[in-house]
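Chains E and S supply the protein sequences, listed in that same order. Positions in the first sequence are counted from 1; adding 50 to them yields the numbering used here. Positions in the second sequence are counted from 1; adding 50 to them yields the numbering used here. The beta-carbon is built from N, C-alpha and C at its ideal position, and this holds for glycine as well. Below is one structure, written out as structure tokens; comments come after it.
There are 2 protein chains.
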Amino acid sequence: METKAKRILIADDEPDILEIISYNLIKEGYETYTAKDGNEAIERAKQLNPDLIILDIMMPYKTGLEVCEILRSMPLFENTLIIFLTALSDESSHIKGLEMGADDYVSKPISPKVLISRVNALFRRTHKETDGKTLKIGNISIDPIRFIVEINGEEVMLAKKEFELLYLLASKPGRVFLRNEILSQVWGTDVIVGDRTIDVHIRKIRQKLGIDCITTVKGVGYKFDL
Amino acid sequence: METKAKRILIADDEPDILEIISYNLIKEGYETYTAKDGNEAIERAKQLNPDLIILDIMMPYKTGLEVCEILRSMPLFENTLIIFLTALSDESSHIKGLEMGADDYVSKPISPKVLISRVNALFRRTHKETDGKTLKIGNISIDPIRFIVEINGEEVMLAKKEFELLYLLASKPGRVFLRNEILSQVWGTDVIVGDRTIDVHIRKIRQKLGIDCITTVKGVGYKFDL
DNA sequence: GATATTGATAACATTATGTTTACACAAATT
DNA sequence: AATTTGTGTAAACATAATGTTATCAATATC
């Protein structure tokens, strides 16, 4: 299911809270790091580039709001998820937090269960692939919503990687995709696979589709063409 | 739980308000869309056919009242819910708004809590009409009012979760639902369940229905298909 | 023709899903 | 209140599908 452990940075000045949160998140399979004040939070965020930052509002040196503002101004953290820990009553900083680009907030006193489910929900939300449109080239249609390729009305099911690969190539018909491009788009930048892997998938696609729509450009890459 | 997310269009010229309202409604499980003036509101309403439209009264190009009047004159929006955002003092436009066919109004400054409870209340009120359409696909009918699935006239009883899951998949036949989507739509965002739970329910549905109408798309999700 | 690159195939590894059982819990029944 | 029944979830394991690698043959390019 999981591709790789998400990294979570937790910033709070109370060691007990850090420990409880950290313990529970680790139990959920996350990787956690901690900071005990605003300055340390910024410093560690830069080092770690975490997927999610949990910020207490009331912290020494810099408040969570200030930390958030600073981080959000850096391109690196533009899309990093941020959750605030707020005192129950404090409605105003809650609104400020959202304006500042927080993704969620959790009221103190903290229930580990609630926090965890919020964290999971956030990751779920961002994972939601905003599927693309149905591609139609000639007599082929590639529909990422139904996950089906149709050739002259005949349905063909491809496996996930095969589909992703075909979808990429077909997204710009005629254009050659370098093997590197294919790797980073379909496999992601942090996955290492051997040279022959792409070929094998290409072969399976050709085989399943039955028609010749992928052209090899030797020494360069592949392109979709009819 | 939820059968499908309601679509809400929010029209206001203040980006901050759009964001806060949107954020809170999303957190409630709604799907939100925004418009920043009267003209855009009409345009997007036509595109989206939302379940509810939240209209600020004071907007550029067309006021909320004008937008409401225009929309209400179209058959498509005869029954669409409309909520006005009004300045607290402005009693007169409030009355006009109700005359014009608004379903509710909320005074500024807006408290997210209040707005959300009004929105929920409105949907509750209209719940039965909007929510429970009987789905009919081929020889299967899925009736959420009687909570019964019929296959060739033969009644099959499903448990609650099973029914909700089937109803979700069947609401968009052919479309693949990611496991994440299924989780948040059927279980809600605040619930943690194990990985195998969805499978187990799918299995029970398949077993009880006896026919093959749910297709697995490995690594992606499930879809309803005959 | 020599070299580099890709195609084909099968073996292998890895994942995702299917299946079953057990158990907690709530609702219904007695 | 006690019992039964049904539902939802977790855990453990089996299975099937997919993804990857290794190997060697085929092919283009120089």
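With residue i and residue j assumed to form a contact (beta carbons below 8 Å), what rounded beta-carbon distance in angstroms separates them?
i: residue 103 of chain E; j: residue 130 of chain E; result: 6 Å
i: residue 136 of chain E; j: residue 107 of chain E; result: 5 Å
i: residue 120 of chain S; j: residue 155 of chain S; result: Residue 120 of chain S to residue 155 of chain S, Cβ: 18 Å. No contact.
i: residue 258 of chain E; j: residue 206 of chain E; result: 6 Å
i: residue 192 of chain E; j: residue 220 of chain E; result: 5 Å
i: residue 252 of chain S; j: residue 264 of chain S; result: 6 Å
i: residue 216 of chain E; j: residue 232 of chain E; result: Wrong, their Cβ atoms sit about 11 Å apart, outside the cutoff.
i: residue 211 of chain E; j: residue 270 of chain S; result: With a Cβ gap of about 11 Å, residue 211 of chain E and residue 270 of chain S do not count as contacting.
i: residue 160 of chain S; j: residue 58 of chain S; result: Incorrect: roughly 14 Å between the Cβ atoms, too far for contact.
i: residue 126 of chain E; j: residue 114 of chain E; result: Their Cβ separation, rounded to whole angstroms, is 18 Å, which puts residue 126 of chain E and residue 114 of chain E out of contact at 8 Å.
i: residue 75 of chain E; j: residue 169 of chain E; result: 7 Å
Could you name the residues of chain E that residue i contacts, counting a contact when the two beta carbons are closer than 8 Å?
i: residue 273 of chain S; result: 196 and 197
i: residue 258 of chain S; result: Those within 8 Å of residue 258 of chain S in chain E number zero; the least Cβ separation is about 25 Å.
Within 10 angstroms of its Cβ, does residue i collect 16 or more other Cβ (buried), or is it exposed?
i: residue 95 of chain S; result: buried
i: residue 249 of chain S; result: exposed
i: residue 284 of chain S; result: A query on residue 284 of chain S cannot be resolved here, the shown segment of chain S reaching from 51 to 276 and no further.
i: residue 255 of chain E; result: buried
i: residue 110 of chain E; result: exposed
i: residue 84 of chain E; result: buried
i: residue 228 of chain E; result: exposed
i: residue 225 of chain E; result: exposed
i: residue 99 of chain E; result: exposed
i: residue 53 of chain E; result: With a pLDDT of 42 at residue 53 of chain E, under the threshold of 50, the predicted position of this residue should be treated as unreliable, and no value is reported.
i: residue 186 of chain S; result: exposed
i: residue 88 of chain E; result: buried
i: residue 82 of chain S; result: buried
i: residue 73 of chain E; result: exposed
i: residue 56 of chain S; result: buried
i: residue 179 of chain S; result: Residue placement at residue 179 of chain S is flagged as unreliable, the pLDDT there being 42, under the threshold of 50; a coordinate-derived value is accordingly withheld.
i: residue 117 of chain S; result: buried
i: residue 275 of chain S; result: buried
i: residue 60 of chain S; result: buried
i: residue 291 of chain S; result: The structure shown does not extend to residue 291 of chain S, since chain S spans only 51 to 276, so no value can be given for it.
i: residue 189 of chain S; result: exposed
i: residue 266 of chain E; result: exposed
i: residue 128 of chain E; result: exposed
i: residue 97 of chain E; result: exposed
i: residue 234 of chain S; result: buried
i: residue 246 of chain S; result: exposed
i: residue 112 of chain E; result: buried
i: residue 77 of chain E; result: exposed
Which residues of chain E have a Cβ atom closer than 9 Å to the Cβ of residue i, listed in chain order?
i: residue 327 of chain S; result: Here chain S has residues from 51 to 276 only, and residue 327 of chain S is not among them.
i: residue 242 of chain S; result: 78, 163, 166, 167 and 170
Going along chain S in order, which residues have a C-beta closer than 9 Å to the C-beta of residue i?
i: residue 72 of chain E; result: By Cβ distance, chain S contributes nothing, its closest Cβ being about 18 Å from residue 72 of chain E, past 9 Å.
What I want to know is whether the C-beta of residue i ends up closer than 8 Å to one or more non-hydrogen atoms of the ligand SAM.
i: residue 75 of chain S; result: Ligands in the displayed structure: none, and consequently the ligand SAM is not present.
> Which residues, taken in chain order from the region 208–229 of chain E, show a beta carbon closer than 9 Å to some beta carbon of chain S?
Replying inline: 209, 210, 211 and 213
>> Contact between the region 221–240 of chain E and the region 53–69 of chain S is defined here as three or more beta-carbon pairs at a separation below 8 Å; is this criterion met?
In response: no
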